[in-house]
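Shown next, in C-alpha cells, is the structure this report addresses.
In my numbering, the protein residues as written are 4 to 261.
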C-alpha cells in the first residue's frame with residue numbers, strides 16, 4: 004500500500020494506491036456493496052483495510068494532524084478483534100477489544116476480563132450517538148461477564164461519554180472498570196466511582212468549548228444526574244498502541260481515549 008502525501012502538508016494523505024489504482028481516503032471508507040447499518044465485526048481482508056484507513060490514515064493523518072494530544076497511532080495487529088460502525092454505506096467509527104484469556108501485547112500474561120482497547124468516531128459523525136452505541140454493543144457482546152474493562156488511561160472526553168452511558172444504564176455501573184493489563188483486581192478502578200468522587204480529568208480549553216458549544220445542558224454533576232437532550236458528546240478515541248509525546252495538554256498523563 005502506497006500513500007500520496009501533500010508536499011505542502013506532510014501529515015495530509017491525499018490518496019492511497021491499492022489494487023493497481025489510486026483511491027481517495029473517503030472512497031475507501033464507502034462500501035461498494037450494500038452494508039447493514041450498525042456495527043459489523045471485522046472479518047474480511049477488505050474490512051481490515053477499512054480499519055487500517057480509519058485508524059492510521061483518518062485518525063493518524065487526516066484528522067489527527069491537528070489533534071490536541073499530539074500522538075501517533077500504530078496499526079492494529081492482523082488478528083485484532085474489531086467492529087466498524089457503518090452508516091448509509093460509510094464507515095463512520097470503530098472500536099477494538101481484547102477477549103478474556105487473550106494474550107497481552109509483548110507479554111505472557113492473559114487478560115482477566117474483556118477490555119475495550121481503542122475507540123474512534125470520525126469528526127463529521129460525532130455527536131450522533133455512535134460512541135454510546137458502541138459502549139452499549141460492548142456490554143451486550145459480553146453480557147455474561149461480571150466485569151468489563153476500558154484500557155487506561157482514559158481521556159476527559161471519554162470519561163464524559165462513559166458518565167452519560169452509565170447514568171442511563173445503572174446496571175452497568177458496577178461492571179465498568181478502567182484497567183491496566185492484564186486487569187487483575189489490583190489493576191482496576193471503577194469508572195462510575197471515579198466520576199462520582201470527581202477524580203476524573205476535567206475537559207479544558209478547546210475541548211470544553213466543543214462540549215459547551217453543542218450541548219451546555221449535558222454537563223455531568225457529581226450526583227450522577229445528566230441531561231441527555233442530545234445523543235452523544237464529542238469524539239471518543241483511545242489507543243493503547245501509540246507513541247506518547249512529552250507534553251501534556253490536559254494537565255494529566257497522556258490519555259489513550261481522546
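In this text, a Cβ means the ideal position worked out from N, Cα and C, and glycines have one as well.
For residue i, which residues of its own chain have a beta-carbon under 6 Å away from its beta-carbon, when the five flanking residues on both sides are left out?
i, result
"residue 60", "16, 28"
"residue 138", "168"
"residue 162", "203"
"residue 128", "95"
"residue 191", "180, 182"
For residue i, which of helix, strand or coil comes out of DSSP?
i, result
"residue 11", "coil"
"residue 177", "coil"
"residue 140", "helix"
"residue 248", "Residue placement at residue 248 is flagged as unreliable, the pLDDT there being 39, under the threshold of 50; a coordinate-derived value is accordingly withheld."
"residue 152", "strand"
"residue 28", "helix"
"residue 95", "strand"
"residue 133", "helix"
"residue 216", "The predicted model places residue 216 with a pLDDT of 37, which falls under 50 and marks its position as unreliable; any figure quoted below should be read in that light. Note: residue 216 maps to helix in three-state DSSP."
"residue 106", "strand"
"residue 193", "strand"
"residue 81", "coil"
"residue 20", "strand"
"residue 41", "strand"
"residue 198", "helix"
"residue 36", "coil"
"residue 60", "helix"
"residue 114", "coil"
"residue 182", "strand"
"residue 4", "coil"
"residue 164", "helix"
With a cut-off of 8 Å on the beta carbons, I'd call residue i and residue j a contact; round off their distance for me.
i, j, result
"residue 85", "residue 98", "7 Å"
Mind checking whether residue i and residue j have CB atoms under 8 Å apart?
i, j, result
"residue 106", "residue 113", "yes"
"residue 164", "residue 201", "no"
"residue 180", "residue 194", "yes"
"residue 94", "residue 42", "no"
"residue 96", "residue 125", "yes"
"residue 78", "residue 64", "no"
"residue 88", "residue 117", "no"
"residue 177", "residue 155", "no"
"residue 20", "residue 5", "yes"
"residue 159", "residue 203", "yes"
"residue 62", "residue 123", "yes"
"residue 37", "residue 90", "no"
"residue 136", "residue 92", "no"
Between which residues of its own chain and residue i is the CB-CB distance below 7 Å, once the five residues before and five after are set aside?
i, result
"residue 46", "none"
"residue 175", "142, 169"
"residue 53", "31, 32, 87, 94"
"residue 205", "159"
"residue 50", "87"
"residue 83", "99"
Beta-carbon within less than 8 Å of residue i's beta-carbon, same chain only, minus the 5 sequence neighbours each way: which residues are those?
i, result
"residue 115", "103, 185, 186, 187"
"residue 148", "103, 116, 117, 178"
"residue 153", "118, 119, 161, 165, 179, 180, 181, 182, 194, 241, 260"
May I ask whether a heavy atom of the ligand MN can be found less than 7 Å away from the beta carbon of residue i?
i, result
"residue 164", "Of the ligands one can find in the structure shown there are none, so the ligand MN has no counterpart to examine."
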